[in-house]
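Colleague: What follows is a structure written as structure tokens; I'll ask about it next.
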Amino acid sequence: MLSPAEKQAIEEEMRHYANRPSCGLEALKIVQKHRGWVSDEGLADIAEFLRVAPAELESVATFYNLIFRRPVGRHVILACDSVSCWIMGHDRLMQRLTAELGIRPGETTPDGRFTLLPIPCLGACHRAPALMVDDDLHEAVDPEKVGEVLGKYA
Amino acid sequence: MEKPLTKNFLPNGAFPDLAAYELAGGYQALRQALTRMTPAEVTQAVTDSNLRGRGGAGFPTGRKWSSMPIGAGAPRPRYLVANADEMEPGTFKDRLLIEGDPHQLIEGMIVSAYAVQADVAYIFLRAEYTRAAQCLRQAIAEAYGAGYLGGNILHSGYGLELYLHISAGRYMCGESSALMNALEGRRATPRDKVLRSTDSGLWGKPTVVNNVETFCNVPHIVTHGAAWYKALSRSADGGTKIYGASGKIKRPGAWELPMGTTIRELLEEHAGGMMDGFALRALLPGGASTEFVLDEHLDVAMDFDSVQKVGSRMGTGTLVVLDDRTCPVGMLRNLEHFFAQESCGWCTPCREGLPWIEHVLAAIEEGRGEAGDLDMLARQAKFLGPGYTFCALAPGAMEPLTSGLKYFREDFERHIGERRCPWRG
Ligand SMILES: Cc1cc2nc3c(=O)[nH]c(=O)nc-3n(C[C@H](O)[C@H](O)[C@H](O)COP(=O)(O)O)c2cc1C
Ligand code: SF4
Ligand code: FES
């Protein structure tokens, strides 16, 4: 069941689109915001609410990089792996990150604190290498000081 | 030198709010267009200015708008979309424009929407641009509050709703027909180009899609006129351009300069040249999907037509610089990894071909390359080029590859011959 808050948020967004099914991506994002990720159950709830086929919504949900179909940690790290960051030391940064966290890209720390994901260009190529933690952009990250960046996120 | 697009940028990372924007002359173009000009006059001014789309392809903006049906019998609602997806690796200009002066984009969109008589406008923003989203939310609310958005703007009889759509992340969303599918809540696969979006776009209605930087130019064209705008430029394409550069250079960044500034000036004057101990090997002039150019091409003017004459494209105008201490094969592997991952899977050559190309590049870089690999790559690149795929993603992916195979042949051969990457020691 979608919560009243989720339903209300979806209905509010719906006013910006020409019809109900068009709101599918918005609904997925809203449910993800409330629950951290989109479970099979959450997906079925949205499909029912928008009156679209669950398989159709599933094909949308799995298409986009930032709809999570598996649980993620409390904080999501998006590390840019595109060309300018690669030139400016992405590999070293990734080494330090995986060592610090004890996980590989795509995984979540056992304590549920961080999920580490690669992401295409964050539009900070002139301040590379770049990464995001949740909504925060961190630019020109010194791989040796990546622990300090992570320390801000409990 | 005039810098209309960035003149209101504040040094401390803040952005001019409505009051500051108005104080600097903001929303005067809107007032002028909506109360003293017809929609056709606005489109004419933009046509006369030679403004070419800043999304990468350089399509003349006035010509695109002219194909919008706007008469009394034309279909409604009509839509206008700002493409703020900006996922082209190496490109960061639209983010700076939004964060630096969000009202400029909004005013540009309203004036443009008036020209094509749109009823609803969207800003299609990529999700990772969280600060840009904050700036836009505040600026849109302020614009509604001041009566620049909503019904009957400035008692002109013209009304426009403007919504912010935050994407869920996929490079293909930037392709304008895929963007419309994404806005309709579908997978971002491209649409058949037989129908123009100005005839059948969002929800089957007439739709104009333009890049953020394109819209930002419009208020200035309306205020100062086409002649002034053309005079800003050093080339046939009008206006200024937000150029940028990244890589091992002394001062990576972005600069607003006359359209047609040379690559050498960008690199040497504005970017301060290469970092100490590094030499220039080659560069991509305008993002990941442009061909490499070499030292001998540096004096070319950065505008849409000139860069094509040296076998590349201006693209987004943000240079990605390859230095002599970075492996070109590794760089190509990184680029093709991006394209393979972001292929939407709609057509076979791209869906199957890009992962295969990435696989072969990875093998070469790791010292497992075979003698026939380079010919195979060249052949693949041909069949992923223009005409063989459903959209421009795959041909774009081949631009760095074909030029790389040409310019870095020796490096490729060394990897294969020595069975290792010489840069990894
Ligand atoms: C794969 C792909 C990605 C694209 N991404 C963007 C983008 O992020 N932003 C953009 O403005 N144009 C992008 N484009 C170009 C758009 O399709 C379209 O040409 C552009 O938004 C039109 O705006 P303009 O005429 O103002 O340049 C992309 C094209 C392709 C093929
Ligand atoms: S070329 Fe690639 S991205 Fe474009 S439609 Fe085909 S599969 Fe999709
Ligand atoms: S390449 Fe990493 S931010 Fe652009």
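Residue numbers (numbering that gives the first Met the number 0), protein chains in the order written: chain Y, 0 to 153; chain S, 0 to 424. By construction, the Cβ of each residue, glycine as well, lies at the ideal position given by its N, Cα and C atoms.
(1) Going along the chain, which unbroken runs of the beta strand (DSSP E) with 3 or more residues stay wholly within the region 88 to 147 of chain Y?
(2) Below 8 Å, how does it come out for the region 128 to 142 of chain S and the region 6 to 19 of chain S: are there three or more Cβ pairs, yes or no?
(3) Can you list, in chain order, the residues of the region 8 to 19 of chain Y whose Cβ is nearer than 8 Å to any Cβ on chain S?
(4) Would the C-beta of F389 (chain S) count as close to ligand 2, meaning under 6 Å from any of its heavy atoms?
(5) Is there at least one non-hydrogen atom of ligand 3 closer than 6 Å to the beta-carbon of L321 (chain S)?
(6) Between the Cα of A339 (chain S) and the Cα atoms of S:E290, S:P327, S:L400, S:D322, which residue gives the shortest distance?
(7) Look at D304 (chain S) and R263 (chain S) and say whether their C-beta atoms are less than 7 Å apart.
(8) Are D302 (chain S) and M258 (chain S) closer than 7 Å when you measure CB to CB?
(9) Locate the alpha helix (DSSP H) running through C215 (chain S), then write down its first and last residues.
(10) Is N333 (chain S) helix, strand or coil when you go by DSSP?
(11) Is A78 (chain Y) a contact residue of ligand 3, with contact defined as CB to any heavy atom under 6 Å?
(12) Just to make sure I have the definition right: I need the residues of chain S whose C-beta is within less than 7 Å of the C-beta of D134 (chain Y). Which are they?
(13) From A361 (chain S) to R324 (chain S), what does the alpha carbon distance come to, in whole angstroms?
(14) At 8 Å on the CB atoms, spell out the chain Y contacts of L334 (chain S), in chain order.
(15) Could you tell me which residues DSSP puts in a beta bridge with I122 (chain S)?
(16) Rounded to the nearest angstrom, how far is the Cβ of R413 (chain S) from that of G366 (chain S), given a contact under 8 Å?
(17) If we define contact as Cβ-Cβ less than 7 Å, is L48 (chain Y) a contact residue for chain S?
(18) Against R185 (chain S), what residues of chain Y qualify as contacts under a CB-to-CB distance less than 9 Å, listed in chain order?
(19) Identify, in the order they occur along the chain, each residue of the same chain with its Cβ nearer than 8 Å to the Cβ of E127 (chain S), setting aside the five sequence neighbours on each side.
(20) Starting from G99 (chain S) and walking both ways along the alpha helix (DSSP H), at which residues does that stretch end?
(21) Can you confirm whether the region 97 to 107 of chain S touches the region 1 to 14 of chain S when touching is taken to mean that 3 or more C-beta pairs between the two stretches lie within less than 8 Å?
(22) For G149 (chain S), which residues of its own chain have a beta-carbon under 8 Å away from its beta-carbon, when the five flanking residues on both sides are left out?
(23) For a contact defined as C-beta to C-beta under 7 Å, what are the partners of G246 (chain S) on chain Y?
(24) For the beta strand (DSSP E) holding G156 (chain S), just list the boundary residues, first then last.
(25) Does the distance between the C-beta of S175 (chain S) and the nearest non-hydrogen atom of ligand 1 fall short of 6 Å?
(26) Looking at the structure shown, is V193 (chain S) part of a helix, part of a strand, or coil, going by DSSP?
(27) For L104 (chain S), does the three-state DSSP call read helix, strand or coil?
(28) Using the rule of at least 16 other Cβ atoms within 10 Å of the residue's Cβ for burial, across every protein chain shown, is E47 (chain Y) buried or exposed?
(29) Which runs of the beta strand (DSSP E) fall wholly inside the region 34 to 68 of chain S and span at least 3 residues, in chain order?
(30) Hey, quick one: how far does the beta strand (DSSP E) through Y242 (chain S) stretch, first residue to last?
(31) Using a C-beta to C-beta distance shorter than 9 Å, which residues of chain Y count as neighbours of G174 (chain S)?
(32) Kindly indicate which three-state DSSP category M13 (chain Y) falls into: helix, strand or coil?
(33) Could you tell me whether the Cβ atoms of A64 (chain S) and A131 (chain S) are closer together than 7 Å?
(34) Per the DSSP calculation, E255 (chain S) is bridged to which residue(s)?
(35) Under the rule that 16 or more other beta-carbon atoms within 10 Å means buried, what is M156 (chain Y), buried or exposed?
(36) Could you name each continuous alpha helix (DSSP H) segment of 4 residues or more that falls completely within the region 286 to 340 of chain S, going from the start of the chain to the end?
Modeller: From the atom records:
(1) The qualifying runs are 113 to 118, 130 to 132, 135 to 137.
(2) Flag = yes, the region 128 to 142 of chain S and the region 6 to 19 of chain S touch.
(3) Residues of the region 8 to 19 of chain Y with a Cβ closer than 8 Å to any Cβ of chain S, in chain order: H15, Y16, A17, N18.
(4) Within the cutoff, so yes.
(5) No, the beta carbon of L321 (chain S) sits no closer than 6 Å to any heavy atom of ligand 3.
(6) If you compare the alpha carbons of S:E290, S:P327, S:L400, S:D322 with that of A339 (chain S), the shortest gap goes to S:L400.
(7) No, the Cβ-Cβ distance between D304 (chain S) and R263 (chain S) is not below 7 Å.
(8) With contacts defined as CB atoms closer than 7 Å, D302 (chain S) and M258 (chain S) qualify as a contacting pair.
(9) It spans 211 to 223 - the alpha helix (DSSP H) in which C215 (chain S) sits, taken as one unbroken run.
(10) Here N333 (chain S) sits in helix by DSSP.
(11) In this structure, A78 (chain Y) has its beta carbon at no less than 6 Å from each heavy atom of ligand 3.
(12) Close partners of D134 (chain Y) in chain S (Cβ separation under 7 Å): T129.
(13) Between the C-alpha atoms of A361 (chain S) and R324 (chain S) there is a straight-line separation of about 19 Å.
(14) Simply V82.
(15) Answer is S:A81, S:L163.
(16) About 10 Å; that fails the 8 Å criterion.
(17) First, the amino acid is wrong: residue 48 (chain Y) is Phe here, not Leu. So, not an interface residue.
(18) By Cβ distance, chain Y contributes P20, S21, G23, L24, E55, S58, V59, F62.
(19) If we look at E127 (chain S) and ignore the five residues flanking it on each side, its Cβ neighbours are G168.
(20) Counting along the chain, the alpha helix (DSSP H) containing G99 (chain S) begins and ends at 92 to 99.
(21) These segments touch.
(22) Excluding the 5 residues flanking it on each side, G149 (chain S) has same chain C-beta neighbours closer than 8 Å at Y143, G158, L159, E160, in chain order.
(23) Contact note: G246 (chain S) reaches chain Y through S83, I86, using a C-beta cutoff of 7 Å and chain order.
(24) Run containing G156 (chain S): none; DSSP gives neither H nor E here.
(25) Yes, ligand 1 has a heavy atom inside 6 Å of this Cβ.
(26) In the structure shown, V193 (chain S) adopts coil according to DSSP, grouped into three states.
(27) Residue state, collapsed to three classes: helix.
(28) Burial check for E47 (chain Y): the Cβ neighbour count within 10 Å stays below 16, so the residue is exposed.
(29) Listed in chain order, nothing qualifies, since the region 34 to 68 of chain S has no complete beta strand (DSSP E) run of 3 or more residues.
(30) Y242 (chain S) -> beta strand (DSSP E) spans 239 to 246.
(31) Reading the sequence as shown, one finds Glu at residue 174 (chain S) and not Gly. For the C-beta of E174 (chain S), not a single chain Y residue is nearer than 9 Å; the gap to the nearest is close to 14 Å.
(32) M13 (chain Y): helix per DSSP, three-state reduction.
(33) Checking the displayed sequence, the identity of residue 64 (chain S) turns out to be Trp instead of Ala. Between W64 (chain S) and A131 (chain S), the CB-CB gap reaches or exceeds 7 Å.
(34) E255 (chain S) pairs with S:I241.
(35) Nothing in the structure corresponds to residue 156 (chain Y), since chain Y is present only between 0 and 153.
(36) The qualifying runs are 303 to 308.
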